[in-house]
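Enquirer: Take a look at this one; I'll ask things after.
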DNA sequence: ACCTGAACACCGTTCAAGT
DNA sequence: ACCTGAACACCGTTCAAGT
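Chains as they are written, first to last, in the working numbering: chain A, 1 to 201; chain B, 1001 to 1201.
Structure, rendered in structure tokens:
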């Protein structure tokens, strides 16, 4: 014990980020104030400025962390199914389920809170998550299951669809009309597969 | 002249809403403060409380107005093409173009700013805009051009896709990767049509 | 009914000062 | 290097008061 610590934390930056994620998850973005974060960590509300340029940078770090988590879910879903058509379907479910399970966090990632320029890691993590989808589609094309369109174009089309479903679900614009969310995801998966397949089925 | 007016406006509510839309369009949501609106209209910053329950209600009215505008664009695009496959394609372009032309306004409509309960007109206008798409799809089904899936399910799938493209475009997550937005919309229109068509082409 | 002006409780950020 | 505490300029909202 009696650990020789500077003022309060060994890694205050990490603690600030974790606490921010926790507050956003449990109480939403509007509850995230520098005062609340500082108080919870037993630290001055201005201590954050030693590790982030401001609140915007903290939010960017939260978003970046979100893209990292999302990518892990996507890759995990793809590999668990051993790729293929089932792998793509699983990625669709994993994507929307992540968003619905972490609505406030997801909104920070896409809600216009963040400025791309404020954190270089953000663009990198976002790009890596997108790349997971591109890679999956390229693998499908090599097996001649999917049409030979530009992989990025294919990926953007699919990304937009799952992103749209996720956003509408979070905003509560689907439940209102007797919708089973999983049924919608399943339908979207089927119709997308039919639309980008090489088969004429 | 010498119009006998109460204090300042004949229709302050309408003026407040218009000014709010204007500020959001030109400077973004974060620039919308009750002080700014009041000052611009030559009215106290608390005058608004006579016509709205608070800032949230003002934003809900802005969102509601946005859905009304969007619906008019969608219906206009559909009718200008005389319906059919071209009509659906035109609706897709009209949808995304509206969002990209009014990014801040669009974000108010979908960014989680509004509480459905705060304004009954909001749910109504949002539902009406969605219904325009449902109606178009039903018309297509009657011509046996589109599969006989549940119209609402079909509409949610398509809505999610254009909504996703719109959001990603607004967030600047597409331009980054050498994308022509219209090319993406065109591609999405084609692949969706292929996915929901009765033809086996 | 409609609007004002002062007051209240918040917020992010700056900055001189402490260790 | 890291953190504090007071101060600053903002914000939405409340409320007694005016017409």
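Built from N, CA and C at the ideal position, the CB exists for glycine as well. Small disclaimer: the values here were computed from a predicted structure and weren't measured.
In or out: residue 104(A) buried (at least 16 other Cβ within 10 Å) or exposed?
Expert: As a first step, residue 104(A) is located in the first chain; it is residue number 104 there, counting from the start. So residue 104(A) ends up on the buried side.
Enquirer: Which same chain residues, not among the five before or five after residue 1162(B), have their C-beta less than 7 angstroms away from its C-beta?
Expert: As a first step, residue 1162(B) is located in the second chain; it is residue number 162 there, counting from the start. So the qualifying residues of the chain are 1092, 1095 and 1096.
Enquirer: Do residue 1112(B) and residue 66(A) have their beta-carbon atoms positioned less than 8 angstroms apart in this structure?
Expert: The sequence position of residue 66(A) within the first chain is 66, counting from 1. The sequence position of residue 1112(B) within the second chain is 112, counting from 1. No, the Cβ-Cβ distance between residue 66(A) and residue 1112(B) is not below 8 angstroms.
Enquirer: With distance defined between alpha-carbon atoms, name the residue in 1035(B), 1087(B), 1056(B) and 1012(B) nearest to residue 1189(B).
Expert: In the second chain, residue 1189(B) corresponds to position 189, counting from 1. Answer by Cα proximity: 1087(B).
Enquirer: Distance cutoff 8 angstroms, beta carbons only. Does residue 92(A) sit that close to anything in chain B?
Expert: Numbered from 1 along the first chain, position 92 holds the residue referred to as residue 92(A). No - not a single Cβ of chain B is within 8 angstroms of the one on residue 92(A).
Enquirer: For a contact meaning CB atoms closer than 8 angstroms, what does residue 215(A) contact in chain B?
Expert: What the structure shows of chain A is the stretch from 1 to 201, and residue 215(A) is not part of that stretch, so it cannot be assessed.
Enquirer: If you scan the segment 1087 to 1123 of chain B from start to end, which runs of the alpha helix (DSSP H) of 4 or more residues do you find wholly inside it?
Expert: Runs of the alpha helix (DSSP H) inside the segment 1087 to 1123 of chain B: 1103 to 1110.
Enquirer: Taking only three categories from DSSP, how would you classify residue 64(A)?
Expert: Within the first chain, numbered from 1, the residue matching residue 64(A) stands at position 64. Three-state result, residue 64(A): helix.
Enquirer: I need the DSSP call for residue 972(B), collapsed to helix, strand or coil.
Expert: As displayed, chain B neither begins before 1001 nor continues past 1201, which places residue 972(B) out of reach and without an answer.
Enquirer: Apart from the five residues on each side of it in sequence, which residues of its chain come closer than 7 angstroms, Cβ to Cβ, to residue 31(A)?
Expert: Counting from one through the first chain, the residue named residue 31(A) turns up at place 31. Only 23 meet the Cβ criterion.
Enquirer: Need the endpoints of the alpha helix (DSSP H) that residue 1035(B) sits in, please.
Expert: Reading the second chain from its first residue, position 35 is the one you call residue 1035(B). Where residue 1035(B) is concerned, the enclosing alpha helix (DSSP H) stretches over 1034 to 1040.
Enquirer: Can you tell me the Cα-Cα spacing of residue 1138(B) and residue 1151(B), whole angstroms?
Expert: What you label residue 1138(B) is simply residue 138 of the second chain in a count that begins at 1. What you label residue 1151(B) is simply residue 151 of the second chain in a count that begins at 1. Cα to Cα, the separation comes out at about 6 angstroms.
Enquirer: In chain order, what residues of the same chain lie with their CB nearer than 8 angstroms to the CB of residue 1133(B), ignoring the 5 residues before and after it?
Expert: Your numbering for residue 1133(B) matches position 133 in the second chain. Correct list, in chain order: 1074, 1091, 1155, 1158 and 1159.
Enquirer: Compare the C-beta of residue 1163(B) with all C-beta atoms of chain A and state if any pair is closer than 8 angstroms.
Expert: As a working note, residue 1163(B) is residue 163 in the second chain. Judged by the 8 angstroms Cβ criterion, residue 1163(B) is in contact with chain A.
Enquirer: Enumerate in chain order the residues of its own chain whose CB-to-CB distance from residue 34(A) is below 7 angstroms, with the five nearest sequence positions on each side excluded.
Expert: For the purposes of this step, residue 34(A) is taken as residue 34 along the first chain, with counting starting at 1. Within the same chain, residue 34(A) has close Cβ partners 45, 48 and 55.
Enquirer: Touch check for the segment 1118 to 1133 of chain B and the segment 180 to 194 of chain A: three-plus C-beta pairs under 8 angstroms?
Expert: No, because fewer than three Cβ pairs between the segment 1118 to 1133 of chain B and the segment 180 to 194 of chain A fall closer than 8 angstroms, the two stretches do not touch.
Enquirer: For a cutoff of 8 angstroms on Cβ pairs, would you count residue 167(A) as touching chain B?
Expert: Translated into the one-based positions of the first chain, residue 167(A) becomes position 167. So, interface residue.
Enquirer: In terms of residue numbering, what span does the alpha helix (DSSP H) encompassing residue 1144(B) cover?
Expert: Residue 1144(B) sits at position 144 when you count from the first residue of the second chain. Premise fails: residue 1144(B) is in no alpha helix (DSSP H) and is neither H nor E.
Enquirer: Residue 1042(B) to residue 1106(B), Cα distance in whole Å?
Expert: Stepping through the second chain from its first residue, residue 1042(B) is reached at position 42. Stepping through the second chain from its first residue, residue 1106(B) is reached at position 106. Spanning the two alpha carbons is a distance of roughly 27 angstroms.
Enquirer: Can you tell me the Cβ-Cβ gap for residue 1064(B) and residue 1116(B), rounded? I've got them flagged as a contact below 8 angstroms.
Expert: Here residue 1064(B) is taken as the residue at index 64 of the second chain, counted from 1. Here residue 1116(B) is taken as the residue at index 116 of the second chain, counted from 1. In fact, because the Cβ distance is near 11 angstroms, the residues do not count as touching under 8 angstroms.
Enquirer: Output needed for residue 1060(B): all residues of its chain with C-beta closer than 6 angstroms, excluding positions within five of it in sequence on either side, in chain order.
Expert: Within the second chain, residue 1060(B) is the residue found at index 60, counting from 1. These residues qualify, in order along the chain: 1114, 1118, 1119 and 1122.
Enquirer: Using only the heavy atoms of the ligand NAD, determine whether one of them is closer than 7 angstroms to the beta carbon of residue 1125(B).
Expert: What this structure holds is no ligand at all, so the ligand NAD is not there to describe.
Enquirer: Strictly by DSSP, which residues pair up with residue 197(A)?
Expert: Walking along the first chain from the start, residue 197(A) turns up at place 197. Its beta-bridge partners are 146(A).
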